[in-house]
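Trainee:
Protein chains: 2
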Amino acid sequence: MSKRILISDIAKSLGVSVTTISFILNGKAKEKRISDALTNRVLEYVKKVGYKPNQLAQSLRTGQTKILGLLVEDISNLFFANIAKHIEESSYASGYHLLYCSMGNDTVKAKELIQLFYDRQVDGFIITPTEGLEDVVALLLKNNVPVVLFDRYIPQVETNYVVSDNFNGAFRATKHLLENKDNRRIGFVSLYSDQTQMRDRMDGYMKALDQYQRQAYIKKIQIDEQEDIAMAQIFEFIEDNKLDAVLFATNYLAITGLKVNKKYGKLPAMVAFDDHTLFKLHEPAISVVSQRIETIAEELVKVLLRQIRNPQADVKHIVVPCDLKIRDSSTAKIK
Amino acid sequence: MSKRILISDIAKSLGVSVTTISFILNGKAKEKRISDALTNRVLEYVKKVGYKPNQLAQSLRTGQTKILGLLVEDISNLFFANIAKHIEESSYASGYHLLYCSMGNDTVKAKELIQLFYDRQVDGFIITPTEGLEDVVALLLKNNVPVVLFDRYIPQVETNYVVSDNFNGAFRATKHLLENKDNRRIGFVSLYSDQTQMRDRMDGYMKALDQYQRQAYIKKIQIDEQEDIAMAQIFEFIEDNKLDAVLFATNYLAITGLKVNKKYGKLPAMVAFDDHTLFKLHEPAISVVSQRIETIAEELVKVLLRQIRNPQADVKHIVVPCDLKIRDSSTAKIK
DNA sequence: CATTTTTGCTAAAAGGTTTTAATAGTGGTC
DNA sequence: GACCACTATTAAAACCTTTTAGCAAAAATG
């Protein structure tokens, strides 16, 4: 760690030019016809003194930072936290580091951060596109910056994305609820949101209902709603429609649903989207449509690096299957 | 965003030298006696064309990257995820970005990452020092790299840290359990770990017991233990000692404890360390010693930036109080 | 043996800033 | 009018790499 040693120091010590050393260190010895003898001598010396090139100088010259920008909606959400962990692991394995940020629902901050990360010349972006980010993502693409979206995508912007098969996840969950003859009236609790994952989950729910020729009951909650208001709304929704079962579109909504249960002592059969420690332990345990977090993370890094290495590469759309985990909440009524 | 504009472009357009512009942009106009007229002309033009200095070149020259390295033990742990979120917000507010990583219990990876972040010339480090990191942290300090530790500290290394008042948290939690006359035998479930937060929590537990002149029952679990084995151990610990109440040293252990409850249908009164969504919803709701995550995050960034701005600054040790949140699990026996 | 090709290596430019040291001009002092 | 101090600005060095373009010597070619 001590005092930084420079490539020119090595050149001086070894009596060779800086260029030669640079070539050797960048694996161009053969190509540049540096003799094996010299190559080895340099390599050994470099190892001995523990020289490491200055990343900043390197990046300045090459334009590559070996840093990826990770922008997630909310890192304190277990789904994103887990994915972030695996993204970091995958990137690390490929020699990339992560400049990270949690955007919340602050579009202004999100745009600013994308701009700032762009200014820092990150080599690529991994983004959960929250609403209002369409144009800035489009701008990135126009500037040929490698981007991969996840959790949801932007239909009008043709770029890489990795998402779960939300449609089939919701479809199978709803069908599972429908298979129980007692569940006559099945509701769907979602968010006011145009995002694709929400739309797909709703479509999956609808298709299952259509197959069984049942009526749909859909309640959307404001994204930033106070929790107690959301609780009241969910309670009302269930009561008024005498619902037998509910599919919750996100784990956060499902947790709010459970709080309704705790407060009003009433909740129908249910399935939640995204797994959570809580769901396994809850009495009864909550059935879920779980996403393959590790796979998603790996694909994200893979797709992004592919694009970085080959800017001409064609756009990839990857859809990862969901897993329906059936627990007690959908087989026996809650309380 | 389009084509990058350089400081030299501006110089040419305005017919002034690059130096002058650099001085003005870095707020040294007065000091360097640049006339107000020119200063304004430059500032306006810069704004008009939207020039932004190339961060890499800037960093290369100044040695400052405006990037902090954040190394947490496990980002998929809600406690760390929440803290990471607030650290990011605080840093962002001060114009710093975060290079992030989740270390797990992989000491080799952790050391390598610290080295890599150091090579990238991050301006400072925020670290949860997992075991085996003592020497590398000491090395950072020897190299005058600003560092602040959190969650726990390294006693033999004199550096900044921000931790919760684990001792008093555990002390008050234990005392709270002791105040209930039914709780004769109170146990403590912790990890095999020399880390300070664990030691302090145990000491707090001990002191409360001493005050009441009660026997201590302490069970330590291996950090990487399989969950089912840990469950069996906890079950045995409670059964064999006929415990009336248990204080769990981490939220993860407490969750394992709850799983014991679910499986064996038996668990005494309890208090957990660190809050979790799960605990509020559990039936009965779990009492906790909760940490002031937002305060900790803010202090971390504050202390680190202080050190970065003034390398001579004296070392800060900040201890943030914990909050005892009494819920049902410690007032009525579970089940 | 004169010419071309290949081998093995290097000087210098480029990447885009900040900062040091210097310069030309102006006004004041004795 | 010689000297000094101050004002307003700038040329060039520095930060540390990578890469382009090129050179001298050795080997190959006819």
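In the order they appear, the protein sequences are chains A and B. Residues 1 to 335 (the numbering used here) are what the first sequence spells out, left to right. Residues 1001 to 1335 (the numbering used here) are what the second sequence spells out, left to right. We put the beta carbon where it would ideally sit given N, CA and C, even for glycine. None of the values given here were measured: they were computed from a predicted structure.
Using three-state DSSP, classify B/I1095 as helix, strand or coil.
Mentor: It is Gly, not Ile, that sits at residue 1095 of chain B in the sequence shown. If DSSP states are grouped into helix, strand and coil, B/G1095 belongs with coil.
Trainee: Taking the alpha-carbon positions, what's the B/D1194 to A/D314 distance?
Mentor: Approximately 52 angstroms between the Cα atoms of the pair.
Trainee: Can you tell which of B/R1061, B/T1196, B/K1262, B/R1172 has the C-alpha that lies nearest to the C-alpha of B/Q1121?
Mentor: Minimum Cα distance to B/Q1121 is reached at B/R1061.
Trainee: Identify, in the order they occur along the chain, each residue of the same chain with its Cβ nearer than 8 angstroms to the Cβ of A/N168, setting aside the five sequence neighbours on each side.
Mentor: Taken in chain order, the residues that qualify are G204, P321, C322.
Trainee: Could you check the C-alpha separation between A/I186 and B/A1110 for me, to the nearest Å?
Mentor: One C-alpha to the other measures close to 49 angstroms.
Trainee: For B/E1225 and A/A297, I'd like the C-alpha separation in whole angstroms.
Mentor: Roughly 26 angstroms between the two C-alpha positions.
Trainee: Nearest-angstrom Cα distance between B/Q1058 and A/K30?
Mentor: Those two C-alpha atoms are separated by around 34 angstroms.
Trainee: Go ahead and pull the three-state DSSP assignment for B/L1177.
Mentor: Correct three-state label for B/L1177: helix.
Trainee: B/V1072: which of B/T1128, B/M1270, B/N1026 sits nearest, CA to CA?
Mentor: Closest option to B/V1072, Cα to Cα, is B/T1128.
Trainee: With a threshold of 7 angstroms between beta-carbons, can A/E179 be considered close to chain B, or not?
Mentor: Chain B, which has no Cβ nearer than 7 angstroms to the Cβ of A/E179, makes this no.
Trainee: Say whether the segment 84 to 102 of chain A touches the segment 1082 to 1092 of chain B, bearing in mind that this needs 3 or more beta-carbon pairs closer than 8 angstroms, one atom from each stretch.
Mentor: Cβ pair count under 8 angstroms is three or more, so yes.
Trainee: I'd like to check one pair, B/L1191 with B/I1221: are the Cβ atoms closer than 7 angstroms?
Mentor: Against a cut-off of 7 angstroms, the Cβ pair of B/L1191 and B/I1221 comes out as a contact.
Trainee: Starting from the Cα of A/A11, find the closest Cα among A/K32, A/V42, A/K28 and give me that residue.
Mentor: When each option's Cα is compared against that of A/A11, the closest is A/V42.
Trainee: Express the C-alpha separation of B/L1243 and B/H1097 in angstroms, rounding to a whole number.
Mentor: Going by the C-alpha atoms only, they are around 48 angstroms apart.
Trainee: Look at the alpha carbon of B/L1133 and the alpha carbon of B/L1113, and state the distance between them as a whole number of angstroms.
Mentor: If you take the alpha carbons of B/L1133 and B/L1113, they lie about 11 angstroms apart.
Trainee: In chain B, which residues lie with their C-beta within 9 angstroms of the C-beta of A/D123?
Mentor: Under the 9 angstroms cutoff, chain B gives no residues; its nearest Cβ is about 12 angstroms from A/D123.
Trainee: How about A/F235 and A/K219: do their beta carbons lie closer than 7 angstroms?
Mentor: No, the Cβ-Cβ distance between A/F235 and A/K219 is not below 7 angstroms.
Trainee: Excluding five sequence neighbours on each side, which residues of the same chain lie with their C-beta closer than 6 angstroms to the C-beta of A/F125?
Mentor: Closer than 6 angstroms at the Cβ level, and outside the excluded window around A/F125, lie G69, V147.
Trainee: What are the boundary residues of the beta strand (DSSP E) that includes A/N160?
Mentor: Per DSSP, A/N160 belongs to the beta strand (DSSP E) from 160 to 164.
Trainee: Could you tell me which chain A residues have their CB closer than 7 angstroms to the CB of B/K1262, listed as they occur along the chain?
Mentor: Under the 7 angstroms cutoff, chain A gives L281.
Trainee: By Cβ distance below 7 angstroms, which residues in the same chain neighbour A/M1 in space, the five residues on each side in sequence not counted?
Mentor: Confidence in A/M1 is poor, its pLDDT being 46 and thus under 50, which makes the residue's placement too unreliable to answer from.
Trainee: Using a beta-carbon distance cut-off of less than 8 angstroms, what residues from the segment 100 to 116 of chain A approach chain B?
Mentor: Those residues of the segment 100 to 116 of chain A that come within reach of chain B (Cβ to Cβ, closer than 8 angstroms) are Y100, C101, S102, K109, L113, Q115, L116.
Trainee: Between which two residues does the alpha helix (DSSP H) holding B/G1204 run?
Mentor: Start and end: 1196 to 1211.
Trainee: Which partner residues of B/D1323 appear in the DSSP bridge assignment?
Mentor: According to DSSP, which records beta bridges pairwise, B/D1323 is partnered with B/S1290.
Trainee: Let me know if B/S1356 comes out buried or exposed under the rule of 16 or more other beta-carbons within 10 Å of its beta-carbon.
Mentor: Outside the shown range of chain B, which is 1001 to 1335, sits residue 1356 of chain B, and nothing can be said about it.
Trainee: Express the C-alpha separation of A/E158 and A/K316 in angstroms, rounding to a whole number.
Mentor: Their Cα atoms are separated by approximately 9 angstroms.
Trainee: Between the segment 1124 to 1141 of chain B and chain A, which residues of the former have a C-beta closer than 7 angstroms to a C-beta of the latter?
Mentor: Of all residues in the segment 1124 to 1141 of chain B, L1139 have a Cβ within less than 7 angstroms of some Cβ in chain A.
Trainee: Considering only their Cβ atoms, is the gap separating B/A1208 from B/K1175 smaller than 7 angstroms?
Mentor: Contact flag set, yes.
Trainee: Judging by CA-CA distance, which residue of B/T1107, B/R1292, B/T1331 is the nearest neighbour of B/F1079?
Mentor: Minimum Cα distance to B/F1079 is reached at B/R1292.
Trainee: When DSSP labels each residue in this structure, what does A/M231 get in the three-state scheme?
Mentor: Helix at A/M231.
Trainee: Ignoring anything shorter than 4 residues or poking outside the segment 1054 to 1097 of chain B, list the alpha helix (DSSP H) runs there in chain order.
Mentor: Entirely contained in the segment 1054 to 1097 of chain B, the alpha helix (DSSP H) runs reaching 4 residues are, in chain order, 1055 to 1062, 1078 to 1093.
Trainee: Would A/D119 pass as an interface residue toward chain B - the criterion being a Cβ-Cβ separation below 7 angstroms?
Mentor: Yes, contact with chain B.
Trainee: Taking C-alpha atoms, which residue in B/Q1064, B/K1085, B/N1160, B/K1028 lies nearest to B/R1306?
Mentor: For B/R1306, the nearest C-alpha among the options comes from B/N1160.
Trainee: Just to confirm, is the Cβ distance from A/S330 to A/L177 under 7 angstroms?
Mentor: Result yes, Cβ atoms of A/S330 and A/L177 sit closer than 7 angstroms.
Trainee: How about B/L1245 and B/F1273: are their beta carbons less than 7 angstroms apart?
Mentor: Note that residue 1245 of chain B corresponds to Ala in the displayed sequence, not to Leu. Result no, Cβ atoms of B/A1245 and B/F1273 do not sit closer than 7 angstroms.
Trainee: Alpha carbon to alpha carbon, what distance is there between A/R214 and A/L141?
Mentor: Answer to the nearest angstrom: the Cα atoms are 43 angstroms apart.
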